[in-house]
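Quick note on numbering: my numbering labels position 95 of the sequence shown as 459, and the sequence is numbered without any gaps.
A virtual CB, placed ideally from N, CA and C, is assigned to each residue, including glycine.
Predicted, not measured: the structure shown is a model, and the values here were computed from it.
Some notes on the structure that comes next.
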Amino acid sequence: MRKFNIRRVIKLVATVIVLTGLLIAGLTLRPSLELRALAKDDDGGPRCTVHSARGTYGFALLGTLPIAGLVSTGGATTFDGEGNQSGKFTVITSVSAEQFTFAGTYTVNSDCTGTATLIISPPLFGAGTVHLRAVGTNNNTELKWLVTDPGIFVAGTLTKQ
Numbered sequence: 365m366r367k368f369n370i371r372r373v374i375k376l377v378a379t380v381i382v383l384t385g386l387l388i389a390g391l392t393l394r395p396s397l398e399l400r401a402l403a404k405d406d407d408g409g410p411r412c413t414v415h416s417a418r419g420t421y422g423f424a425l426l427g428t429l430p431i432a433g434l435v436s437t438g439g440a441t442t443f444d445g446e447g448n449q450s451g452k453f454t455v456i457t458s459v460s461a462e463q464f465t466f467a468g469t470y471t472v473n474s475d476c477t478g479t480a481t482l483i484i485s486p487p488l489f490g491a492g493t494v495h496l497r498a499v500g501t502n503n504n505t506e507l508k509w510l511v512t513d514p515g516i517f518v519a520g521t522l523t524k525q
């Protein structure tokens with residue numbers, strides 16, 4: 365009879381979760397890995413500004429960090445409609461749960477692409493600045509976020525409150 369190894373099972377489940385999240389993010393974020401805050405121009409096509417993303421969004425992100433391994437996060441962020449955002453979140457690892465705050469800037473281009481740069485306090489496992497890209501879905505009620513910093517594999521969804 366084969367011995368049950370819980371650590372192998374946990375690593376396998378964690379790998380499947382991360383790969384599924386990255387696959388979903390990859391499929392959702394094609395062809396552009398940018399923030400898509402939806403509006404319509406006179407021709408019915410998207411026309412976006414920083415004001416398009418205005419509001420508060422709750423979020424959950426999953427992934428891995430170089431130092432911590434598998435992580436899950438949850439929190440809220442507010443876009444002010446003028447290119448600034450702030451919020452707070454909790455990061456859960458296999459050994460701890462820690463709370464963080466952040467403030468930063470975001471851009472939205474007329475073609476509904478954009479980026480965000482966040483300053484995290486205290487620094488998250490040595491990372492004080494994080495860069496993100498995303499795509500808006502469901503008439504801008506959801507944003508699919510992806511951290512773009514090398515070595516950090518974290519993605520998830522923000523939902524407008």
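**Asked** Helix, strand or coil: how does DSSP classify residue 450 here?
**Response** The count along the sequence shown starts at 1 and reaches residue 450 at position 86. Looking at residue 450 - three-state DSSP - the assignment turns out to be strand.
**Asked** DSSP puts residue 456 in a beta bridge; with which residues?
**Response** Residue mapping note: residue 456 aligns to position 92 of the sequence shown, counting from 1. Residue 456 is bridged to 436 and 461.
**Message:** Does the structure place the segment 481–495 close enough to the segment 510–522 that three or more beta carbon pairs sit under 8 Å?
**Reply:** yes
**Item:** DSSP beta-bridge partners of residue 468
**Value:** The residue given as residue 468 occupies position 104 in the sequence shown. Per DSSP, 449 and 482.
**Prompt:** To which residues of the same chain is residue 525 closer than 6 Å at the C-beta, ignoring the five residues directly before and after it?
**Reply:** Here residue 525 refers to the residue found at position 161 of the sequence shown. Result list for residue 525: 420 and 422, in chain order.
**Request:** Return the residue from the list 455, 520 and 415 that minimises the CA-CA distance to residue 432.
**Result:** Counted from its first residue, the sequence shown places residue 432 at position 68. Answer by Cα proximity: 455.
**Message:** As a quick exercise: from 474, 470, 487 and 476, pick the residue whose alpha carbon is nearest that of residue 441.
**Reply:** On the sequence shown, position 77 is the one that residue 441 refers to. Closest option to residue 441, Cα to Cα, is 470.
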